[in-house]
Structures are given as structure tokens and as C-alpha cells.
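Peer 1: Protein chains in written order, with the UniProt record's numbering: chain A, 1 to 333; chain B, 1 to 571.
Positions of the beta carbon are idealized from the N, C-alpha and C atoms, including for glycine.
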């Protein structure tokens, strides 16, 4: 298992470098101009000056290598310096539209994305586990029917619709919950904690409903499959209690596919929920990415997409290891 | 905003503490906290490096120019003691210098004195190459900026400048603090993050927190020149989301006090305003949604010479009869009502404002007359001989390719025009291009508005401030984009008329406002009569304010937040 992990890790290095090159070329070759969003009244000579100021006139390979140096060398060293409290003056990776270091922008956005999207994942899983298990235990029983219906709604109602619906109901008509997420709110006491809870309710609900729908359907299918296996019959024949059969034997076996789905979903937590963040003005990483794309902010888009690629590769690896832990037959020794 | 009362109270308390030694009056900050929504979030607070109103207007809370435009478009001295004119000697007789005198009572928000050196430095900051200054065009013919004494600055121009109020006037070119921005000259400008996100200014507020693309928090500037202002102690400008939800937050939930730039379906906006929590405010500046007519041949068979003067004139879009008929077939009132509601007025002029420049010579196009349009084409020999619904003459069919950027309102307008033109026997093919490509100006892309590989295209343009000289200069012969100048230039219709160029040269020499206005009107009329541009809608700015907010004077000529120091909350 250990050598397998090492081998996979070693293999992911060239993979990630290739990914970074592909992302860079894709963004660079696309028709895209950071001065496109400027007012039309700005003369073209000035536009050219701005492009030069951003370093856009250098050849593609030079800009790619510069990005690599800034991302792989300068930023980690800066982080290290920051940790031991030393001042650093290395050239930082700057966003074109904000002229601020990309790392700082991501650090600003991470808290609200982790709170809202991360919490929705946890809540979604907490709903999906009992619903999936109970649905599979009595297929087409009332729990299953209800779960299927809720999952259908969760899957098929788009978040931009559900989000606006919730705002109209709870903000406009009832006036219970705020429709604007305040990212400057600091949780310091009981009062600010309740404010934080209130502003998270709607975005988390929208996202958790979708996550719960997804996980519960996978878990139900996987549990149904497992519950008909011989070892479950054996366990029941040995007189094990129903909870022990379900949770101890069936669930452990059935979690395999769900772990895969989960591993592929977690990187998306960091990518943020673009639409939901927009609806509630959460302004997390998803909103950062979409505004960077609109503004032709190449360094920011490049860095964000590459970080997502790193997370996807990393969590796939983690999923494989988790499979090994759940099912000893899958340990590649 | 209900969800951060605790936050705002905290700030108010902190603010009162810091203010105690200086406070002469209890009025400053008495209105508490103000919430503003800019759905396009501010990403930088330095107008010299910014990409538009979303950054420049929030920055106007902090940074101020020497003079600015009030809500009527009139220029008012702001940091300057008075407006320099020829009468008071502020502008030299030969029109090559302008001398500004600062108010004596100005302090930066860090308590230091504002001096003429700061003004000189600001000009130098923008005029330094490699800095990527986005307002460099305003300083293009400034040759020298010098401090005559601690409060007096003289700008010298390369040539006589009848309207010398370009640099350091208006929201785009405010005064920066020399001490703060000194390390940011030239190439270093881009990486001065602290300076660019929290500039020190003379305005009513100072930045307390900045999160790029998300939110900016401001607190009243303790050294602001008027001890009773600003009315609000703290302000947050929140970004993100979209225009509809911003309107909702002001008009329906009351979570915010002010929402900027609500380009929303007018019927939706009116329905929200019926809620009674707030109202919609509008004002009209210079933006006009217009059709640009390609006077050169865009035919792909011409290869590299397509849409250039070298490739020859357009086969039928230089025929005045065709252009007149196309303009007459349009019901501008319908286009304005459908796309812009009360925020759009039908117009027949490319220069509809300020009032002194508005011509009334072209107003006959305001009424749609399909019958007359058909007659004009008929008389000019354009007839539908083969009965396919499209007129032709000498083997040339009246078939146009009409392109614009992707935008729901523009697509509605395209569909309307297509049906009207079909009514008079002109066939239209529609094309939509992603805005970032269309306006991108990439010389390698065939789809930019400068290349204009189509017969007709539509977008909005405007000019900042109130003087139309630079705007009208767009349509001189040398402004034509072509391969030789890397497709730079704003004469999109490729209109070239020596008489027009002569008028432009005359405008550059004329200084009396009435004479300037007469020439400007004449230039506007020439463009309209040639049919180089077909104006459609004079677009207004739309914002929403809470009913409890007082003192807002909606301004299309400057920052919408230009007089925020005077805003207060009704009690």
C-alpha cells in the first residue's frame, strides 16, 4: 500500500506539470484581452501601454516559465517567510484586474467558501446516510418514496431558481433571513454567531439539498446491491441485530462507490458553488474564478484552475487509499 | 442592512472615540451606517489603474479631483479654490497654460497638508511610461506640470487648448498623495497593492477594509474639511450578484440603501418599486446606443482588404436613399421602451447631451414611417424584381449582416430591426459575438468591432465629462481603423470627409462655449445626414435608493457618489 501510494504520488508530478501547461495554453490561446472591459473611451495607445505594463508582450513560453517560477518557487517561499515572520521581497504572482497577490485573494475567499460549501457537503452527507440506508432497507416503502421525491427535486431544480425562490419567501415576504452574505462579519460573540448562522441558512440549504440528493441515490443503489449478497444473508442467519447487519456489514461494503463520488465532490468545495455564491453574494472562490474569467485575468484563472487540478488529483489518490482501508482486497501490495 | 447592525454599531463606537478630540459638532457621522451595492464588485481603488466605474466611483469616496461636474453637468471647483478662466487669469491668453490654486484648508486623511507637490506628482504618476496609467489619454498633450508655490500648480500644453479642463478634473483623475504613491512610479505601479487598495485621500471617507471583488468598508475621514460632514459615519460598498438582486435588496428587502447601475428589464424594476421601500432614480449623460454603418466593403472575397478603404466602398450602404430608408423604418420609441423603459429616450443624434450641444435638425427620424421608407427605396431604383421579398438593383441584393455583442436587450433590438427592415425589403442576417471578444480589440481576432467584418453593428459609446471634442474627433479620417495602424481608432463607420476634418480642426482652436457648441452641432448633423451612424436610444443611468436616504443627487457626468458627504438618513 505504501509503495503504491509513493508510486502514485511520483506519477502525479509530471501529470500536474502537463496539466498546468495545458491550462496555460488553453487560456492563453483563447481570444481574451484584459483591457476588453475598459471603457471604449480609452485610446488604443493607452491600451497597448496597459498590456505592456501587465507583461503581456512577452512570448508565451517566457510567460509560462515566469508563472511556474512565481507559483512553484516564489509563493511557497513567501509562505515560509510569512510563517517564520521574515519579510520577503520576491516577485509575487499578481492578479491583473486587482493588482493584488493571487495568494492573498484566495486566502480572502477561502473562509466563506469553506463555511458555506463545506458545511453543505457535511449536511448533505448527514441527510444522505440515513435516507440512503433506510430507502434500501425497504425499497418502495414510504421512506424510499419520500427520499426519491426529495432527491428528484434536489437534482432537477436548479440552484439559481431555488435560491431566488428562498430569497423571495424568506427575505422579501417573511423578512426572516438576509439575502446578502456579509463576508466582513466576524464571529466574536453569541449575537454575531446567530447572524452568521442566519446568513448561511439559505445558501447552505440550496447546496445541501443537491448534495444530499446525489449521495443518497448512490448510497441507496449500492446498499440495495449489497443487501442481496450472500454474506448479508449469512450475517442475518447468524442472528445479528438489524443495525449491526446494516451498519457493520452492509454499509461498509456499500460505501465504496459513495467514497468515489465524495472524493470527486470535495475538490468542488474549493472550487466553490459558482451560481449559488452569485445568488447570495457569498463572493467565495467560485465568484472569484468567474469574475477573473470575465476580466481576462490570466494569472488568477491559471492559478485557480491549477489549484483545482491539484485537489482533484490529490483526492483521487485519497479515494484509492480509502478504498484500500475499507476493502482489504483492494490493497495493491 | 439587518445582518450587520452589530458590525456597524461597533464601527460607530470606534469612530466616535477617535473623533472626540476633534469633534466640533455632533453632526458628522450622525446618520450611522450606509450600505451601497455595486453588483460589479470593486477590484481596485486607484482610478489610474482601474477598469471602469465599478472601481472609479467607490474610489471617489476617498480621492477627489481639482474640479468636478455636478448633477447638471456644470463644472464646480472641488479641491481648487475657484475655476481658472481667461477672465480671472487662470488660463493664459494663448490658451496653452492653466493655473490651479488649491483651497488652503485641505488635509489628507492621515493629517498631513495637501500641497501643490501632490498635484504635480499625480500628473507625473500618470504620465510616467510603463505605469500602465489608464487615464494617460487625458494627459497626452501636457508638456509640463509645475508647482508655482505651495498651493498653485501650472499645467502647460503642447498646443493651444480651448478646453483645458481634461487632466485632474472629474472622477477619473483625482489627486493622489505624493508621500504614499512615491514608490509606485512607472513599472512599480502594478505591484503597489497597499496603495492601490487603500489610497490616502482628501475625501469624506477613508478605507478601513478592502476585499478585492467583494466588499470595501469606509469610515468617515477625521480630517475632512467640513467638520459637520459626512453624514454617515461608516459606509460599506458590497459587490457581487447581479443587477436584479441588487434592486431587490433596496426596493423589496430594504437590506441596502443604494444600488448602482440597474440595467434590468424595466417592467421588473417598476414592479419592485411598487413595494414602497425605495425609489428608482435616473439621469441622462452621453451614452447612445447606435448602429454603425460600414461604408467600406466587408466582403470576404477581398481577403486582407475587406472592411478597409483600400478594398473599396460598400456596394449599397453609401447610398443615402438606403440609409435614410433604414433609419426611417425604425420605431426608436419602441426600441427604447422595450429595452430600457424610462431609462431610454429615442434619439436621432449621436451627441444628445449636454443640452447646449444637442441638435434638433434630425428629429424627423423619431417617427417611424415604413411607407415613406419603401417609397424612398422605390424612387432610388431599389425594387424587388424577382419577388423574393428582397429589393435589388443592378444585381446587388439589399442583404445585410448585422452584428452586436451578446446581451439580451441587444438581441431583442436586433430582432425588432430585422422585422422592420424585412417590411421594407431589406434582408438581415443576425450575428452575436461574446462581449470580451467583440470589445477585446485583439488584432488577431476577426470578430472585433474595430475590424467590423459585417455591414452593420451596434453598441453604446459615450464620452466622460461634458466636452465632446475628443468624442467628435473619433470620426475624422485619421481615426479609421485599418491594418496599417493595427486596427486602432474609433472611426468605426470608416467615414472620411475633409469638411468634417476641417470642422474638427476649427473646434480645436475655438474657445468660446457657444461657438464650440455650434461647431459640435454642425459636426453631429454632418454625421447624421451622411448616415454613417444611426442613433437609436439615448441611455440613462438607473439606480435605486432607499426612501430613508436623503441628499442623493444622481449624476451622469461624474461619480454617482460625488456628493456622498451630504447624504443623510431621514429620521
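(1) Are at least three pairs of beta-carbons, each pair with one atom in the segment 312-322 of chain A and one in the segment 129-144 of chain A, less than 8 Å apart?
(2) Would residue 360(A) and residue 238(B) be called neighbours here (beta carbons separated by less than 9 Å)?
(3) Residue 60(B) CB to nearest chain D CB: under 9 Å?
(4) Would you say residue 365(B) faces chain A, with C-beta separation under 9 Å as the test?
(5) Determine the DSSP secondary structure at residue 353(A), reduced to helix, strand or coil.
(6) Taking the DSSP output, what are the residues bridged to residue 344(B)?
(7) Does the beta carbon of residue 100(A) come closer than 9 Å to any beta carbon on chain B?
(8) Could you list which residues in chain A have their beta carbon closer than 9 Å to that of residue 196(B), in chain order?
(9) Apply the 10 Å Cβ neighbour rule to residue 303(B) and answer buried if 16 or more other Cβ atoms are within range, or exposed otherwise.
(10) Any chance you could list the alpha helix (DSSP H) runs of at least 4 consecutive residues sitting entirely within the segment 132-181 of chain B, in chain order?
(11) Could you name the residues of the segment 213-241 of chain B whose beta carbon sits closer than 9 Å to any beta carbon of chain A, in the order they occur along the chain?
(12) Per DSSP, what kind of secondary structure is residue 410(B) in: helix, strand or coil?
(13) Cα separation between residue 241(B) and residue 424(B)?
(14) So residue 437(B) is in the alpha helix (DSSP H); what residue range does that whole segment cover?
(15) Can we say the segment 83-96 of chain B touches the segment 132-139 of chain B, given the rule of at least three CB pairs closer than 8 Å?
(16) What is the DSSP secondary structure of residue 368(B), counted as helix, strand or coil?
(17) Which word fits residue 468(B), buried or exposed, when buried means at least 16 other C-beta atoms lie within 10 angstroms of its C-beta?
(18) Taking 9 Å as the CB-CB cut-off, is residue 43(B) touching chain A?
(19) At a CB distance below 7 Å, what residues from the segment 176-187 of chain A approach chain B? Give them in sequence order.
(20) Whose C-beta lies closer than 6 Å to the C-beta of residue 254(B) among residues of the same chain, with five residues either side of it excluded?
(21) If I follow the unbroken beta strand (DSSP E) through residue 456(B), where does it start and stop?
(22) Could you tell me which of 273(B), 274(B), 267(B) and 283(B) sits nearest to residue 261(B), measuring between CA atoms?
(23) Anyone know if the C-beta pair for residue 223(B) and residue 347(B) falls short of 9 Å?
(24) If you measure between the beta carbons of residue 551(B) and residue 567(B), is that distance less than 9 Å?
(25) Under 6 Å Cβ to Cβ from residue 483(B), same chain only, skipping five residues before and after it: list those, please.
(26) Let me know the secondary structure DSSP gives residue 35(B) once reduced to three states.
(27) Quick check: the Cα distance between residue 433(B) and residue 113(B), rounded to an integer number of angstroms?
(28) Using CA atoms only, rank isn't needed, just tell me which of 280(B), 168(B) and 170(B) is closest to residue 547(B).
(29) Name the residue from 228(B), 46(B) and 323(B) whose alpha carbon lies nearest to the alpha carbon of residue 190(B).
(30) Does chain A have any CB closer than 9 Å to the CB of residue 362(B)?
(31) Given a threshold of 16 other Cβ atoms within 10 Å of its Cβ, counted over all protein chains shown, does residue 99(A) qualify as buried or as exposed?
(32) Buried or exposed, going by whether 16 or more other CB atoms sit within 10 Å of the CB of residue 327(A)?
(33) From which residue to which residue does the alpha helix (DSSP H) around residue 149(A) run?
(34) Specify the secondary structure class of residue 567(B) as computed by DSSP and reduced to three states.
(35) What three-state label does DSSP hand residue 9(B) in the structure shown?
(36) Taking CB distances under 9 Å as the criterion, tell me whether residue 50(A) reaches chain B.
Peer 2: So, from the listed chains and residues:
(1) no
(2) Since the first residue shown for chain A is 1 and the last is 333, residue 360(A) is missing from the structure and cannot be characterised.
(3) In summary, chain D is missing from the structure at hand, where the protein chains are A and B.
(4) no
(5) There is no way to answer for residue 353(A), as the model of chain A reaches only from 1 to 333.
(6) 539(B)
(7) yes
(8) Near residue 196(B) (Cβ distances below 9 Å), the residues of chain A are 98, 99 and 100.
(9) Exposed: under 16 other Cβ atoms inside 10 Å.
(10) 178-181
(11) 213, 214, 215, 217, 236, 238, 239, 240 and 241
(12) helix
(13) 42 Å
(14) Going by DSSP, residue 437(B) is part of the alpha helix (DSSP H) stretching over 435-438.
(15) no
(16) coil
(17) buried
(18) yes
(19) Residues passing the 7 Å Cβ filter: 178, 179, 180, 182, 183, 184 and 185.
(20) 277
(21) 456-461
(22) Taking only the C-alpha atoms, the option nearest residue 261(B) is 283(B).
(23) no
(24) Taking 9 Å as the cut-off, the beta carbon of residue 551(B) is found closer than this to the beta carbon of residue 567(B).
(25) Closer than 6 Å at Cβ, skipping near neighbours: no residue.
(26) Note: residue 35(B) maps to strand in three-state DSSP.
(27) 51 Å
(28) 280(B)
(29) 46(B)
(30) Chain A, which has no Cβ nearer than 9 Å to the Cβ of residue 362(B), makes this no.
(31) buried
(32) Per the 10 Å Cβ criterion, exposed.
(33) The continuous alpha helix (DSSP H) containing residue 149(A) extends over residues 142-156.
(34) coil
(35) At residue 9(B), the pLDDT of 42 sits below 50, so the modelled position is not reliable; the number obtained from the coordinates is stated separately. Residue state, collapsed to three classes: helix.
(36) yes
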